[in-house]
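Asker:
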Amino acid sequence: MIPSVLPTYSRAPMSFVKGEGAWLIEADGSRYLDLGAGIAVNVLGHANPALVKALTDQAQALWHTSNLYQIPQQQALADKLVDATFADTVFFTNSGTEACELAVKMARKYWYDKGDKDRVEIITFSGSFHGRSAAGIAAAGSEKMVKGFGPILGGFVHLDWGDHDALTAAITDQTAAILIEPVQGEGGIRPLPDQCLKGLRDLCDEHGILLILDEVQCGVGRTGKLFAHEWAGITPDIMMVAKGIGGGFPLGAVLATEDAASGMTAGTHGSTYGGNPLGCAVGCAVMDIVSDPAFLAEVNRKAGLLRQKLEGLIASHPDVFEGVRGSGMMLGLKCKAPNTDIVAAGYKNHVITVPAADNVIRLLPPLNLTDDEIAEAVKRLDAAAASLS
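Residue numbers (my numbering): 1204 to 1592.
#1: Roughly how many angstroms separate the alpha carbons of Ala1373 and Val1360, rounded to a whole number?
#2: Which ranges does the beta strand (DSSP E) cover as unbroken runs of at least 3 residues, wholly within the region 1349–1436, from first to last along the chain?
#3: Under 8 Å, with one C-beta from each stretch per pair, do the region 1373–1384 and the region 1319–1332 reach the 3-pair mark?
#4: Report the three-state DSSP secondary structure of Val1307 (helix, strand or coil).
#5: Would you report the Cα separation of Leu1454 and Lys1428, rounded to the nearest angstrom?
#6: Which class does Gly1482 belong to by DSSP, given the choice of helix, strand or coil?
#7: DSSP state of Ile1325, grouped into three classes?
#8: Can you tell me where the beta strand (DSSP E) holding Glu1223 begins and where it ends?
#9: Would you say Asp1282 reaches chain D, if we count a Cβ-Cβ gap shorter than 8 Å as a contact?
#10: Could you tell me the distance, in whole angstroms, from the CA atom of Asp1282 to the CA atom of Asp1491?
#11: What residue ranges within the region 1493–1567 form continuous beta strand (DSSP E) runs of no fewer than 3 residues, ordered along the chain?
#12: Can you tell me which of the three DSSP states Arg1583 falls into?
#13: Is Met1655 helix, strand or coil by DSSP?
#14: Comparing C-alpha positions only, which one of Gly1351, Thr1543 and Gly1358 sits nearest to Ala1338?
#15: So Ile1242 is in the alpha helix (DSSP H); what residue range does that whole segment cover?
#16: With burial defined as no fewer than 16 other Cβ atoms inside 10 Å of the residue's Cβ, what is the status of Val1208: buried or exposed?
#17: Rounding to the nearest angstrom, what Cα-Cα distance links Asp1260 and Ala1253 in this structure?
#18: What residue does the beta strand (DSSP E) around Val1293 start on, and which one ends it?
#19: Based on the DSSP output, what are the partners of Ala1456 in its beta bridges?
#20: Enumerate in chain order the residues of its own chain whose CB-to-CB distance from Glu1389 is below 7 Å, with the five nearest sequence positions on each side excluded.
#21: For Gly1422, I'd like the list of residues in its chain whose CB is within less than 8 Å of its CB, leaving aside the five on either flank, ordered along the chain.
#22: Taking 8 Å as the cut-off, decide whether the C-beta atoms of Met1532 and Leu1567 are in contact.
#23: Just to check my reading of the structure: His1249 and Gly1232 have Cβ atoms closer than 8 Å, yes? What is that Cβ distance to the nearest angstrom?
#24: What's the call for Tyr1313, buried or exposed, on a 16-neighbour Cβ count within 10 Å?
#25: Out of curiosity, what's the CA-to-CA distance linking Asp1363 and Asp1376?
#26: Could you name the residues of the same chain whose beta carbon sits closer than 6 Å to that of Tyr1476, not counting the 5 residues immediately before and after it, in chain order?
#27: Does the Cβ-Cβ distance between Leu1227 and Ile1555 come in under 8 Å?
#28: Which of the three DSSP states is assigned to Leu1271 in this structure?
#29: In this structure, does DSSP put Tyr1476 in helix, strand or coil?
#30: Taking the alpha-carbon positions, what's the Asp1575 to Leu1509 distance?
#31: Thinking C-beta only, is Asn1571 closer than 8 Å to Trp1266?
#32: Report buried or exposed for Leu1636, applying the criterion of at least 16 other Cβ atoms within 10 angstroms of its Cβ.
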């Protein structure tokens, strides 16, 4: 008999009833150090006092009105994002998946309104993950994502990650945009080198096409900048954001330049819940903290400390680990042992990590992880690795 919860997940045998900062707690009081943060969502940890206050204050006033009316909290968050980024305008969604749907629509509508109705193709890359909607799985294009769900939405050109020659050859007069993650998350924590991101921007400018960045996982302070593309000194035309922007509350957004968004006029897109007062109140609190240069400086300092300790961990267990990669607090341990075995061994040692492709485990902790918690995390990872040696 099918369970009451649709069995699309292979769930770990833990159930948490409470969270405190970087810790998750089961009903029996067992405490787990959370290096997954809800898959890069809880950027300020669990039950962060500032976010709790923002949510409860708003919940006592107004939850939902719909986008038929002005929403002051939405306007405030949009202004914060516009002030802090390349963007001129923002549309709020509930998730990264919904952000992908709009980014695709926006890019195609841009060319349609310019009279170039055949310019619909969007170039994407192997190892990518852009959500599980029709557009998201079509953009990724992997057999794992699309098998059994045909017919698949057309208009995507899939290239091998890092194949510069193929990218140049793939651009035609039907190319609308290039869509890429500055750091692949599900794909195994693969950062795009700064020079490659600069090259992509130059290529888009040369051919007059749009650059769409998916910063759903790598954005909102995760790499030590507010958004990962800032390391390369470039800006996109359209950017997908979610996960960390709500600090645990379901919230996403599409940020865009005025030009890129020019086709999205009244009636071309909508969302019942997107940008509701609750989500945007929390998003404002997240932005107030994470966009602070002093906070980001601490993220970079702690990321350096964590990476240094992980290098020592790898040296101590050369039969288990191969190396560390990533940026900021978005790190991946490339494994020699099966990554799922290491994740499971971590559970036994009460430390949570997240598996990814390319036999990698992801470390995506809260950005305010303390120095002592970093030391404790590596200690528990060490014990997990020793149990497999």
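Cβ atoms here follow ideal geometry from the backbone N, Cα and C, with glycine treated the same way.
Answerer: Taking the geometry as given:
#1: Within the sequence shown, numbered from 1, the residue matching residue 1373 stands at position 170. Within the sequence shown, numbered from 1, the residue matching residue 1360 stands at position 157. If I take the Cα positions, the gap works out to 8 Å.
#2: 1359–1362, 1378–1383 and 1413–1417
#3: As far as the Cβ criterion goes, the region 1373–1384 touches the region 1319–1332, which means the pair count is three or higher.
#4: As a first step, residue 1307 must be located in the sequence shown, where it is residue number 104. Helix, per DSSP.
#5: For the purposes of this step, residue 1454 is taken as residue 251 along the sequence shown, with counting starting at 1. For the purposes of this step, residue 1428 is taken as residue 225 along the sequence shown, with counting starting at 1. The straight-line gap from Cα to Cα measures roughly 20 Å.
#6: Numbered from 1 along the sequence shown, position 279 holds the residue referred to as residue 1482. Helix.
#7: For the purposes of this step, residue 1325 is taken as residue 122 along the sequence shown, with counting starting at 1. Strand, per DSSP.
#8: Locating residue 1223 in the sequence shown gives position 20, where the first residue counts as 1. Looking at the DSSP string, the run of the beta strand (DSSP E) that includes Glu1223 is Phe1219 to Glu1223.
#9: No chain D is part of this structure, which consists of one protein chain only.
#10: Taking the sequence shown and counting its residues from 1, one reaches residue 1282 at position 79. Taking the sequence shown and counting its residues from 1, one reaches residue 1491 at position 288. If you take the alpha carbons of Asp1282 and Asp1491, they lie about 12 Å apart.
#11: 1524–1530, 1533–1538, 1557–1559 and 1563–1566
#12: Locating residue 1583 in the sequence shown gives position 380, counting from the first residue. The three-state reading of DSSP puts Arg1583 in helix, counting H, G and I together.
#13: Any property of residue 1655 remains undetermined from this structure, which presents the chain solely from 1204 to 1592.
#14: In the sequence shown, the residue the question calls residue 1338 occupies position 135. For Ala1338, the closest alpha carbon among the candidates Gly1351, Thr1543 and Gly1358 is that of Gly1358.
#15: The residue you call residue 1242 lines up with position 39 of the sequence shown. Its alpha helix (DSSP H) spans residues Ala1240 to Ala1243.
#16: Stepping through the sequence shown from its first residue, residue 1208 is reached at position 5. Val1208 comes out exposed.
#17: Taking the sequence shown and counting its residues from 1, the one referred to as residue 1260 is at position 57. Taking the sequence shown and counting its residues from 1, the one referred to as residue 1253 is at position 50. If you take the alpha carbons of Asp1260 and Ala1253, they lie about 11 Å apart.
#18: Within the sequence shown, numbered from 1, the residue matching residue 1293 stands at position 90. Going by DSSP, Val1293 is part of the beta strand (DSSP E) stretching over Thr1292 to Thr1296.
#19: On the sequence shown, position 253 is the one that residue 1456 refers to. Beta-bridge pairing links Ala1456 to Phe1295 and Val1444.
#20: For the purposes of this step, residue 1389 is taken as residue 186 along the sequence shown, with counting starting at 1. Within the same chain, Glu1389 has close Cβ partners Phe1332, Ala1559 and Ala1560.
#21: For this step, residue 1422 is matched to residue 219 along the sequence shown. Answer for Gly1422: Leu1429, Phe1430, Ala1431, Met1442, Val1444, Lys1446, Gly1447 and Ile1448, listed in chain order.
#22: Position 329 of the sequence shown holds residue 1532. Position 364 of the sequence shown holds residue 1567. Yes; because the gap between Cβ atoms is below 8 Å, this pair is in contact.
#23: Taking the sequence shown and counting its residues from 1, the one referred to as residue 1249 is at position 46. Taking the sequence shown and counting its residues from 1, the one referred to as residue 1232 is at position 29. Their Cβ separation, rounded to whole angstroms, is 15 Å, which puts His1249 and Gly1232 out of contact at 8 Å.
#24: Counting from one through the sequence shown, the residue named residue 1313 turns up at place 110. Burial call: buried.
#25: Here residue 1363 is taken as the residue at index 160 of the sequence shown, counted from 1. Here residue 1376 is taken as the residue at index 173 of the sequence shown, counted from 1. The alpha-carbon atoms of Asp1363 and Asp1376 are separated by roughly 21 Å.
#26: Within the sequence shown, residue 1476 is the residue found at index 273, counting from 1. Contacts found: Asn1297.
#27: Here residue 1227 corresponds to residue number 24 of the sequence shown, with the count starting at 1. Here residue 1555 corresponds to residue number 352 of the sequence shown, with the count starting at 1. Yes.
#28: Working through the sequence shown from its first residue, we reach residue 1271 at position 68. In the structure shown, Leu1271 sits in coil (DSSP, three-state: anything other than H, G, I, E or B).
#29: Counting from 1 along the sequence shown, the entry for residue 1476 is found at position 273. Tyr1476 falls in the coil class under three-state DSSP.
#30: The sequence position of residue 1575 within the sequence shown is 372, counting from 1. The sequence position of residue 1509 within the sequence shown is 306, counting from 1. Straight-line Cα distance between these residues: approximately 11 Å.
#31: Taking the first residue of the sequence shown as 1, we reach residue 1266 at position 63. Taking the first residue of the sequence shown as 1, we reach residue 1571 at position 368. No, these two residues do not count as a Cβ contact at 8 Å.
#32: Any answer about residue 1636 is impossible in this case: the structure gives the chain only from 1204 up to 1592.
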